[in-house]
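Under the working numbering, residues 87 to 215 are what the sequence shown spells out, in order.
Contents: one structure, followed by commentary.
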Amino acid sequence: MTMISNVSGKILIIEDDSDIAFVLKTMIELDGYTAVTAGNGQIALDLIQSEGPFQLIFLDMQMPIMNGWVFAETFYKLYGHTVPIVVMTAAADSKHRAKEVDANDCLAKPFEIPEFQAMVQKYLSVKSV
Numbered sequence: 087m088t089m090i091s092n093v094s095g096k097i098l099i100i101e102d103d104s105d106i107a108f109v110l111k112t113m114i115e116l117d118g119y120t121a122v123t124a125g126n127g128q129i130a131l132d133l134i135q136s137e138g139p140f141q142l143i144f145l146d147m148q149m150p151i152m153n154g155w156v157f158a159e160t161f162y163k164l165y166g167h168t169v170p171i172v173v174m175t176a177a178a179d180s181k182h183r184a185k186e187v188d189a190n191d192c193l194a195k196p197f198e199i200p201e202f203q204a205m206v207q208k209y210l211s212v213k214s215v
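Written out as structure tokens, the structure reads:
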């Protein structure tokens, strides 16, 4: 029997830096997934209502209007821990930041594209026979 890796999933990228969001969205789509971007937490909550469900969320912490802390708190109140959240932060204590919002994982900025792709694979890869 051969194990084949299948890709499927819709990913929400919450990032206020449009250049970073564009690169991440492009990488996700090149890997065969669907990606949607939001410039802040409020837009993200609106997108979850209109374009969800999502299977993975990448969350920047420092954003205008609604930051990552408020987004995570609101998301968990509305949906529980139904979708993995990966925090993206330039803070030196990125793992602490992830724990603050009860996120599943973290990526310390700046990160390399292979690190980002590995995180997507970690949460969305499905093996089938």
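Cβ coordinates follow ideal geometry from the N, Cα and C atoms, glycine included.
Between residue i and chain D, is there a C-beta pair that is closer than 8 Å?
{"i": "Ile129", "result": "Here there is only one protein chain, and chain D is not present."}
Please state if the CB of residue j and the CB of residue i are separated by a distance shorter than 8 Å.
{"i": "Ala126", "j": "Ile151", "result": "Position check: residue 126 holds Asn in this sequence, whereas Ala was assumed. Cβ atoms of Asn126 and Ile151: closer than 8 Å."}
{"i": "Tyr209", "j": "Pro170", "result": "yes"}
{"i": "Val122", "j": "Leu110", "result": "no"}
{"i": "Met149", "j": "Asp102", "result": "yes"}
{"i": "Val173", "j": "Val187", "result": "yes"}
For the alpha helix (DSSP H) that residue i lies in, which residues bound it at each end?
{"i": "Lys163", "result": "154-165"}
{"i": "Ile129", "result": "127-137"}
Count the other CB atoms within 10 Å of the CB of residue i; is the residue buried (16 or more) or exposed (fewer)?
{"i": "Ile114", "result": "buried"}
{"i": "Met205", "result": "buried"}
{"i": "Leu145", "result": "buried"}
{"i": "Leu142", "result": "buried"}
{"i": "Ile199", "result": "exposed"}
{"i": "Leu116", "result": "exposed"}
{"i": "Ala158", "result": "buried"}
{"i": "Thr175", "result": "buried"}
{"i": "Asn92", "result": "Because Asn92 carries a pLDDT of 48, less than 50, the predicted location of this residue cannot be relied on, and no value is offered for it."}
{"i": "Met89", "result": "Residue confidence for Met89 is low, a pLDDT of 38 falling below 50, so the modelled location carries little weight; the figure read from the coordinates is stated next. Classification for Met89: exposed."}
{"i": "Gly95", "result": "buried"}
{"i": "Phe108", "result": "exposed"}
{"i": "Gly166", "result": "exposed"}
{"i": "Leu164", "result": "exposed"}
By the DSSP assignment, the beta strand (DSSP E) with residue i in it spans what residues?
{"i": "Lys96", "result": "96-100"}
{"i": "Ala107", "result": "From DSSP, Ala107 is part of no beta strand (DSSP E) but of the alpha helix (DSSP H) over 104-116."}
{"i": "Ala124", "result": "120-124"}
{"i": "Ile143", "result": "142-146"}
Touching or not, the stretch 120-137 and the stretch 189-205, by the rule of three or more beta carbon pairs under 8 Å? Too few Cβ pairs lie closer than 8 Å, so no.
If you scan the stretch 168-212 from start to end, which runs of the beta strand (DSSP E) of 3 or more residues do you find wholly inside it? Complete beta strand (DSSP E) runs here, min 3: 171-175, 191-194.
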